[in-house]
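The next block holds one structure in the form of structure tokens; read it before the comments.
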Amino acid sequence: MKKFLFSFLTVVILGMAGLFYFITHSLSSVVQEQISIQGSKALNTNVEVSAVTIDISEGKGEIHGFKVSNPKGFSDTTALGFQTIRLDIGTEDLLTMPIVIEEIYIDSLATLFELNAAGQNNLNTLLTAVKQNQDRSEPSSQSPEEADTPAADSGDPIRITINKILIKDTQLALDLTAVGGKQYNETLATFEVTQIGGKNGLPPEQLGNAISEAVLQQLTAKAKAEQVEKVKQKAIEKLSEKAGEGMRSLLDKLNNAE
10 MKKFLFSFLT
20 VVILGMAGLF
30 YFITHSLSSV
40 VQEQISIQGS
50 KALNTNVEVS
60 AVTIDISEGK
70 GEIHGFKVSN
80 PKGFSDTTAL
90 GFQTIRLDIG
100 TEDLLTMPIV
110 IEEIYIDSLA
120 TLFELNAAGQ
130 NNLNTLLTAV
140 KQNQDRSEPS
150 SQSPEEADTP
160 AADSGDPIRI
170 TINKILIKDT
180 QLALDLTAVG
190 GKQYNETLAT
200 FEVTQIGGKN
210 GLPPEQLGNA
220 ISEAVLQQLT
230 AKAKAEQVEK
240 VKQKAIEKLS
250 EKAGEGMRSL
260 LDKLNNAE
């Protein structure tokens, strides 16, 4: 009897270990695939990710080598990118959806804000693409009210909700050369996006759209504020130059009068 119990417990333990392994590796591959495929569809440009590693038993995860290409009508430079971000995953109930990501931490996100000759900017173009693609898929997506409704236990596929995305020290390249300006490099203050996916969570393909829209909205607003500030500075510099020329002209007149 003891041998039977020992064997039974061994099978259960090995089975649980196998289940954790399956969930971890399945989720990692699903997330990596969805970031690339659904991200490219949502943004109408190429999205790459080199690797995703998720360990649910440890409640940790990482996404490596993320790049979003600039949309059509802009330079070939990468619009958004980072080397590594960290995920803090809730482990209270691993077998019930949604999977809760407590926090996504992004440090030193490289961001390009570029104006083209028509005065359009690349980040707003990406944001518009996300919104348009979201509208097209709206019948199959959740409304905010549905996302906050507890999910029924009906064997749903993977669904994810994110409590917070923390974005620290965004490295912003502000390129105004196409409209006669300069290129500036700035570091943006830390900001965060909260509650993506609601209580019920979203499938990975819909979650990607929600993340893209929320982050791009903030990045675009902050980059535009930096653009306005640079334009103001340039205007002040020109006024100062003109004022200086006026003073020199007045002094020359006074000297000639003597």
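Residue numbers 10 to 267, in this note's numbering, belong to the letters of the sequence shown in order. Quick reminder that beta carbons are idealized off the backbone N, C-alpha and C, glycines included. Predicted, not measured: the structure shown is a model, and the values here were computed from it.
Answer with buried or exposed for K241, where buried requires no fewer than 16 other C-beta atoms within 10 angstroms of its C-beta. As a working note, residue 241 is residue 232 in the sequence shown. So K241 ends up on the exposed side.
Closest to L225 by C-alpha separation, out of T179, Q192, E214, would be which residue? Along the sequence shown, read from residue 1 onward, the residue named residue 225 stands at position 216. The option with the nearest alpha carbon to L225 is T179.
Just the C-alpha distance for V21 and S84, rounded to the nearest angstrom, thanks. In the sequence shown, residue 21 corresponds to position 12, counting from 1. In the sequence shown, residue 84 corresponds to position 75, counting from 1. In this prediction, V21 scores a pLDDT of 38, lower than 50, which makes its location untrustworthy; no coordinate-derived value is stated.
Can you round the beta-carbon distance between Q227 and F200 to whole angstroms, since I take them to be within the 8 angstroms contact cut? Against the sequence shown, residue 227 aligns to sequence position 218. Against the sequence shown, residue 200 aligns to sequence position 191. That pair is a contact at about 6 angstroms.
Would you tell me roughly how many angstroms separate the C-alpha atoms of L52 and E195, rounded to the nearest one? By one-based count along the sequence shown, residue 52 stands at place 43. By one-based count along the sequence shown, residue 195 stands at place 186. Computed Cα separation, rounded: 24 angstroms.
Could you pull out every residue in the same chain whose Cβ sits closer than 6 angstroms to the Cβ of S150, ignoring the five residues on either side in sequence? Looking up residue 150 in the sequence shown gives position 141. Note that S150 scores 43 on pLDDT, short of 50, meaning its location in the model is unreliable; the coordinates nonetheless yield the value given after this. Q215.
Would you kindly work out how many angstroms separate the C-alpha atoms of V109 and G74, rounded to a whole number? Indexing the sequence shown from 1 puts residue 109 at position 100. Indexing the sequence shown from 1 puts residue 74 at position 65. Straight-line measurement puts the Cα of G74 at about 23 angstroms from the Cα of V109.
Tell me where the beta strand (DSSP E) around K304 begins and ends. This structure does not reach residue 304, given that the chain is present from 10 up to 267, and the question cannot be answered.
Alpha carbon of K76 to alpha carbon of L135, nearest angstrom: By 1-based counting over the sequence shown, the position of residue 76 is 67. By 1-based counting over the sequence shown, the position of residue 135 is 126. Using only the alpha carbons, I get a separation of about 13 angstroms.
What is the DSSP secondary structure of K69, reduced to helix, strand or coil? Stepping through the sequence shown from its first residue, residue 69 is reached at position 60. Strand, per DSSP.
With DSSP as the reference, label I167 as helix, strand or coil. The residue given as residue 167 occupies position 158 in the sequence shown. If DSSP states are grouped into helix, strand and coil, I167 belongs with coil.
Q141 classed as buried or exposed, judged by whether at least 16 other C-beta atoms fall within 10 angstroms: Against the sequence shown, residue 141 aligns to sequence position 132. Flag for Q141 reads exposed.
If we count the other Cβ atoms within 10 Å of its Cβ and call it buried at 16 or more, is K191 buried or exposed? Working through the sequence shown from its first residue, we reach residue 191 at position 182. So K191 ends up on the exposed side.
Secondary structure of S49, DSSP reduced to three states: Working through the sequence shown from its first residue, we reach residue 49 at position 40. S49: helix per DSSP, three-state reduction.
Enumerate, from N- to C-terminal direction, the unbroken beta strand (DSSP E) stretches of 3 or more residues contained entirely within the region 57-145. Runs found: 69-78, 87-98, 108-116, 119-123.
What number of angstroms, rounded off, separates the C-alpha of K50 from the C-alpha of V56? As a position in the sequence shown, residue 50 is number 41, starting the count at 1. As a position in the sequence shown, residue 56 is number 47, starting the count at 1. Their Cα atoms are separated by approximately 9 angstroms.
For A119, which residues of its own chain have a beta-carbon under 6 angstroms away from its beta-carbon, when the five flanking residues on both sides are left out? If you number the sequence shown from 1, residue 119 lands on position 110. Excluding positions up to five away in sequence, the list reads G90, Q180.
Can you tell me whether D184 is buried or exposed, with buried defined as 16 or more other CB within 10 angstroms of its CB? Taking the first residue of the sequence shown as position 1, residue 184 is located at position 175. With 16 or more other Cβ atoms within 10 Å, it is buried.
How would you call S59, buried or exposed, if buried means at least 16 neighbouring beta carbons within 10 angstroms? As a working note, residue 59 is residue 50 in the sequence shown. Classification of S59: exposed, given that the 10 Å Cβ count is below 16.
Tell me the rounded alpha-carbon separation between K231 and K81. The sequence position of residue 231 within the sequence shown is 222, counting from 1. The sequence position of residue 81 within the sequence shown is 72, counting from 1. Their Cα atoms are separated by approximately 22 angstroms.
Under the three-state DSSP convention, the category K177 falls into: Within the sequence shown, numbered from 1, the residue matching residue 177 stands at position 168. Of the three classes helix, strand and coil, the one that applies to K177 here is strand, per DSSP.
Sequence-distant residues of its chain with Cβ nearer than 7 angstroms to F112 (five each side left out): Walking along the sequence shown from the start, residue 112 turns up at place 103. Phe is not the amino acid found at residue 112; the sequence shown has Glu there. Scanning its chain for C-beta atoms nearer than 7 angstroms, with the 5 sequence neighbours on each side dropped, one finds around E112 the residues D97, N172, K173, L175, in chain order.
Taking I115 as the reference, give the member of I94, L121, N131, N133 with the closest Cα. Mapped onto the sequence shown, residue 115 falls at position 106. Taking only the C-alpha atoms, the option nearest I115 is I94.
List the endpoints of the continuous beta strand (DSSP E) containing T199. Here the question's residue 199 lines up with position 190 in the sequence shown. Here T199 belongs to no beta strand (DSSP E), and DSSP marks it neither H nor E.
Verify whether the separation of the beta carbon atoms of N209 and Q143 is less than 7 angstroms. Here residue 209 corresponds to residue number 200 of the sequence shown, with the count starting at 1. Here residue 143 corresponds to residue number 134 of the sequence shown, with the count starting at 1. Result no, Cβ atoms of N209 and Q143 do not sit closer than 7 angstroms.
What residues in its chain sit with their C-beta under 8 angstroms from that of T186, if we drop five residues either side in the sequence? Taking the sequence shown and counting its residues from 1, the one referred to as residue 186 is at position 177. Once the five neighbours on either side are set aside, the close Cβ partners of T186 are Q192.
Take A126 as the anchor and find which of T62, A244, V188, S66 has the nearest alpha-carbon. For this step, residue 126 is matched to residue 117 along the sequence shown. Ranked by Cα distance from A126, the first of T62, A244, V188, S66 is V188.
Residues near K202 in its chain [Cβ-Cβ closer than 7 angstroms; skip 5 each side]: Locating residue 202 in the sequence shown gives position 193, counting from the first residue. Residue identity differs from the one stated: residue 202 is Val in this sequence, not Lys. Hits under 7 angstroms: I174, A223, V224, Q227.
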